[in-house]
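Undergrad:
In the UniProt record's numbering, the protein residues as written are 1 to 133.
1) What would DSSP say about residue 130, mapped onto helix, strand or coil?
2) Which residues does DSSP list as the beta-bridge partners of residue 59?
3) Taking contact to mean 3 or more Cβ pairs, one atom from each stretch, closer than 8 Å, check whether the segment 38-50 and the segment 81-92 are in contact.
4) Apply the 10 Å Cβ neighbour rule to residue 37 and answer buried if 16 or more other Cβ atoms are within range, or exposed otherwise.
5) By the DSSP assignment, the beta strand (DSSP E) with residue 88 in it spans what residues?
6) So, with DSSP's three-state summary, where would you put residue 111?
7) For the alpha helix (DSSP H) that contains residue 96, what are its first and last residues?
8) Between residue 107 and residue 76, how many whole angstroms is the CB-CB distance? I'm expecting something under 8 Å.
9) What does a CB cutoff of less than 8 Å around residue 95 pick up in its chain, not counting 5 residues either side in sequence?
10) Looking only at its chain, what residues have a beta carbon closer than 8 Å to the beta carbon of residue 97, apart from the 5 residues adjacent to it on each side?
11) Between 78, 74, 41 and 82, which has its C-alpha nearest residue 66's C-alpha?
12) Taking Cβ to Cβ, would you say residue 104 is nearer than 9 Å to residue 73?
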């Protein structure tokens, strides 16, 4: 695979970056007790790296993720979307896709992620119809 297209991202809630350590994470996260945005807020005052996108040469700190999440969530709501509305996010493994998904969650939106590599427009519309978008 061409190195240009290899992209790595992870969210480092425990101080452990996927792939950078041969040992397992030091603790597990109880996702039932907090939402992803709430978990991000617990580290938002930190300059620790939260996500790395190698192909973009981008690293996002928890503070940056929290800031971008708030801005984009407010943007979603200002467009007239309301908590419970459904959105489809089409994109590859890019920082904007991760931030969009986290912001949608923060805004209370229900989101689905879709690979943008549909064969043609008909395939895309069949996928939209299949999931009632």
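Backbone N, C-alpha and C define an ideal beta-carbon position, used for all residues, glycine too.
TA: Answer, in terms of the structure:
1) helix
2) 52
3) no
4) buried
5) 86-90
6) strand
7) 95-106
8) 5 Å
9) 9, 51, 53, 56, 58 and 60
10) 89, 91 and 113
11) 41
12) yes
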